[in-house]
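For reference, the structure is listed below as structure tokens.
In our numbering, the protein residues as written are 42 to 498.
Written out as structure tokens, the structure is:
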């Protein structure tokens with residue numbers, strides 16, 4: 042799950058469980074009410090259960106730093122690197138990908154001078170590493186940080202500048218100017234972030250640098266480097282003029298993975314390492330999309346925050362940068378997709394409902410779930426390779442009648458059918474399904490669920 046917050050709040054922490062299907066109140070930062078300004082989940086959360094947060098109180102001229110080691114259930118206030126001036130907050134708070142063992146944190150504040158600090162003991166002690174970082178943002182660790190020591194960030198003041206550390210975040214040096222084209226800087230109003238891919242088999246370190254483009258004067262908003270940030274080239278054809286808020290790299294180290302880009306005009310994808318992007322119309326999310334998170338590996342689920350009211354002053358950072366962040370969405374990237382075609386025929390409990398459920402991540406298994414049918418009645422589940430749409434017994438038979446599977450509803454009018462995609466069904470294969478139930482209250486003694494179009498993802 043991605044960690045996201047509203048920058049105006051009361052310090053309450055809510056937990057999204059069951060992969061986002063349920064949300065519950067979890068805890069409150071002590072001594073509130075607080076405006077929570079950053080929330081960061083440890084990359085090694087499954088073993089260390091660590092969550093960190095920063096907050097400010099109204100009319101109090103400094104922020105607070107918090108740490109939880111029980112998944113956010115209880116919080117302890119941590120020593121500050123230095124007080125953060127009134128009205129400002131931590132721009133970024135990044136934990137090492139090996140936090141459970143190395144306890145390294147790099148953070149940048151939003152106070153006067155915009156300083157950057159590093160801790161190697163989980164936040165108990167801090168050292169100043171950049172006295173004048175001037176808006177140091179989006180601190181990003183290399184995937185092989187444990188051995189390479191590479192950490193990245195950028196300065197947003199003036200023309201955006203890219204910085205790299207090769208000593209585990211102890212110091213950062215400017216190594217190139219991503220948005221320069223032999224010294225000529227495009228009019229890029231904002232830079233929003235950095236995305237880093239794993240080292241590919243040829244030893245290339247791909248880094249992607251993105252932000253806001255001007256539709257007329259400087260549409261370029263996406264550049265890439267394959268040599269760890271030493272040299273850059275314009276890329277991102279298809280993103281011209283958009284606000285690129287976030288980029289997710291779905292790459293297992295092969296160097297051929299997909300990129301997902303969150304923009305003010307929806308989600309875009311690239312399958313050529315960012316050279317070109319196309320609109321990902323499968324997502325169909327409200328605009329803008331301000332945050333993406335891939336969970337469960339390459340075949341997992343893509344979470345998105347969409348439909349909010351973004352404040353560009355808050356990009357980049359841990360929060361998606363919205364006064365009202367919008368809603369959280371989950372998109373299946375593998376397994377089984379389903380789309381209801383309607384055409385149900387009502388019975389004693391109204392129109393029966395047919396849905397699918399699938400377990401998290403890449404799986405060929407899925408379940409058909411029938412509800413609101415006649416209780417304790419015989420049912421036949423019809424599956425077909427095409428949509429027949431044949432009028433029958435007062436209703437519409439949606440699937441071609443290629444396969445019949447028989448069952449019975451329980452006392453509540455429900456039935457379940459566990460199925461799985463055969464190995465020879467390639468991604469993109471479709472099957473249509475519908476359930477018919479003996480129902481004395483129906484027009485012809487039968488009720489029918491809505492039809493479903495199932496797609497192997």
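Positions of the beta carbon are idealized from the N, C-alpha and C atoms, including for glycine. From a predicted model like this one, the values you see are computed outputs, not experimental measurements.
Spatial distance of residue i from residue j (CA atoms)
{"i": "residue 355", "j": "residue 74", "result": "Because residue 355 carries a pLDDT of 49, less than 50, the predicted location of this residue cannot be relied on, and the following value inherits that uncertainty. Their Cα atoms are separated by approximately 21 Å."}
{"i": "residue 412", "j": "residue 477", "result": "12 Å"}
{"i": "residue 248", "j": "residue 91", "result": "27 Å"}
{"i": "residue 485", "j": "residue 348", "result": "45 Å"}
{"i": "residue 483", "j": "residue 442", "result": "21 Å"}
{"i": "residue 291", "j": "residue 144", "result": "26 Å"}
{"i": "residue 236", "j": "residue 400", "result": "29 Å"}
{"i": "residue 330", "j": "residue 418", "result": "45 Å"}
{"i": "residue 320", "j": "residue 480", "result": "45 Å"}
{"i": "residue 468", "j": "residue 117", "result": "48 Å"}
{"i": "residue 89", "j": "residue 115", "result": "14 Å"}
{"i": "residue 70", "j": "residue 109", "result": "10 Å"}
{"i": "residue 23", "j": "residue 65", "result": "The structure shown does not extend to residue 23, since the chain spans only 42 to 498, so no value can be given for it."}
{"i": "residue 309", "j": "residue 277", "result": "10 Å"}
{"i": "residue 305", "j": "residue 328", "result": "6 Å"}
{"i": "residue 282", "j": "residue 196", "result": "22 Å"}
{"i": "residue 57", "j": "residue 372", "result": "16 Å"}
{"i": "residue 93", "j": "residue 168", "result": "18 Å"}
{"i": "residue 156", "j": "residue 148", "result": "9 Å"}
{"i": "residue 420", "j": "residue 444", "result": "14 Å"}
{"i": "residue 494", "j": "residue 244", "result": "43 Å"}
{"i": "residue 455", "j": "residue 253", "result": "50 Å"}
{"i": "residue 398", "j": "residue 104", "result": "44 Å"}
{"i": "residue 448", "j": "residue 322", "result": "37 Å"}
{"i": "residue 54", "j": "residue 332", "result": "19 Å"}
{"i": "residue 496", "j": "residue 409", "result": "13 Å"}
{"i": "residue 212", "j": "residue 315", "result": "29 Å"}
{"i": "residue 380", "j": "residue 268", "result": "43 Å"}
{"i": "residue 470", "j": "residue 446", "result": "20 Å"}
{"i": "residue 435", "j": "residue 466", "result": "33 Å"}
{"i": "residue 162", "j": "residue 72", "result": "25 Å"}
{"i": "residue 183", "j": "residue 246", "result": "9 Å"}
{"i": "residue 206", "j": "residue 262", "result": "24 Å"}
{"i": "residue 166", "j": "residue 146", "result": "10 Å"}
{"i": "residue 120", "j": "residue 76", "result": "18 Å"}
{"i": "residue 396", "j": "residue 111", "result": "36 Å"}
{"i": "residue 311", "j": "residue 426", "result": "31 Å"}
{"i": "residue 407", "j": "residue 122", "result": "50 Å"}
{"i": "residue 453", "j": "residue 367", "result": "36 Å"}
{"i": "residue 307", "j": "residue 238", "result": "22 Å"}
Distance between beta carbons of residue j and residue i, contact taken as under 8 Å
{"i": "residue 138", "j": "residue 186", "result": "5 Å"}
{"i": "residue 78", "j": "residue 97", "result": "6 Å"}
{"i": "residue 159", "j": "residue 170", "result": "5 Å"}
{"i": "residue 285", "j": "residue 301", "result": "Residue 285 to residue 301, Cβ: 11 Å. No contact."}
{"i": "residue 335", "j": "residue 370", "result": "Contact doesn't hold; Cβ gap of about 13 Å is too wide."}
{"i": "residue 204", "j": "residue 193", "result": "7 Å"}
{"i": "residue 298", "j": "residue 339", "result": "7 Å"}
8 Å Cβ cutoff met for residue i and residue j
{"i": "residue 134", "j": "residue 95", "result": "yes"}
{"i": "residue 424", "j": "residue 472", "result": "yes"}
{"i": "residue 164", "j": "residue 106", "result": "yes"}
{"i": "residue 386", "j": "residue 488", "result": "yes"}
{"i": "residue 491", "j": "residue 383", "result": "yes"}
{"i": "residue 345", "j": "residue 422", "result": "no"}
{"i": "residue 341", "j": "residue 287", "result": "no"}
{"i": "residue 113", "j": "residue 68", "result": "yes"}
{"i": "residue 375", "j": "residue 498", "result": "yes"}
{"i": "residue 264", "j": "residue 250", "result": "yes"}
{"i": "residue 141", "j": "residue 85", "result": "yes"}
Three Cβ pairs or more, each shorter than 8 Å: is that satisfied between the segment 431-440 and the segment 450-459? no
Three or more C-beta pairs closer than 8 Å, one from the segment 270-277 and one from the segment 203-219: is that the case here? yes
Three CB pairs or more closer than 8 Å across the segment 412-422 and the segment 372-391: yes
Along the chain, which unbroken stretches of the beta strand (DSSP E) at least 3 residues long are found entirely within the segment 311-344? 330-336
What are the complete beta strand (DSSP E) segments, minimum 3 residues, inside the segment 400-488? 406-412, 419-425, 428-433, 436-440, 444-449, 456-461 and 471-479
Starting from the N-terminal side, write out each stretch of the beta strand (DSSP E) that is 3 residues or longer and does not extend beyond the segment 247-279. 248-253 and 263-266
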